Structures are given as structure tokens and as C-alpha cells.
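Residue numbers (this note's numbering): 746 to 811.
What follows is one structure encoded as C-alpha cells, with my remarks underneath.
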């Protein structure tokens, strides 16, 4: 897993258990993060939204308030 994704997962509250294993290590969680990143990359690549920055559009796309 990418160290940046791991850092963000920990910031979101991810914790490993006493065996050093955590839910973030599950393939489904890794795939979820990858899909979000790919969607953001697609939005940034298209950048046909000339009325606002790509960053603002990505936040709106995912329903995240600034």
C-alpha cells in the first residue's frame, strides 16, 4: 500500500489490531481507495469545468464540504 494512502487511512481512524493486522489491509479496502483515486484522476484529466477549479469540482463531486 502506498505510504500516503496509509497515512490518510490512519488520519481517518484506521488502527491495526494487536496482531499487526487491520481492516485496511483487506483487498476490498485497498480497491476502494484505488477507485477513489482513479475517479479523481479522471476528473482532473477531463478538467472541462472552466467555471471552478478542479479541486473544487472534485470536492463537489464527492459531496465533501470545504
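The C-beta atom is built at its ideal place from N, Cα and C for all residues, glycine as well.
If you're wondering where the values come from, they're calculated on a predicted model, not measured in any experiment.
Helix, strand or coil for residue 803? Go by DSSP, reduced to three states. Sequence index remark: in the chain shown, residue 803 carries index 58 (1-based). If DSSP states are grouped into helix, strand and coil, residue 803 belongs with the helices.
Test item: CB-CB of residue 761 and residue 785 under 8 Å: Counting from 1 along the chain shown, the entry for residue 761 is found at position 16. Counting from 1 along the chain shown, the entry for residue 785 is found at position 40. Not in contact: residue 761 and residue 785 (Cβ atoms no closer than 8 Å).
Notebook entry, point to check: With burial defined as no fewer than 16 other Cβ atoms inside 10 Å of the residue's Cβ, what is the status of residue 754: buried or exposed?
Noted result: As a working mapping, residue 754 is identified with position 9 in the chain shown. Answer is buried; the Cβ neighbour count reaches 16.
Inter-residue CB distance, residue 788 and residue 806 (contact presumed, cutoff 8 Å): Along the chain shown, read from residue 1 onward, the residue named residue 788 stands at position 43. Along the chain shown, read from residue 1 onward, the residue named residue 806 stands at position 61. Yes, they are in contact, since the Cβ atoms of residue 788 and residue 806 sit about 6 Å apart, within 8 Å.
Self-check item: C-alpha distance - residue 810 paired with residue 758, whole-angstrom precision
Solution: For the purposes of this step, residue 810 is taken as the residue at position 65 of the chain shown. For the purposes of this step, residue 758 is taken as the residue at position 13 of the chain shown. Rounded to the nearest angstrom, the two C-alpha atoms are 19 Å apart.
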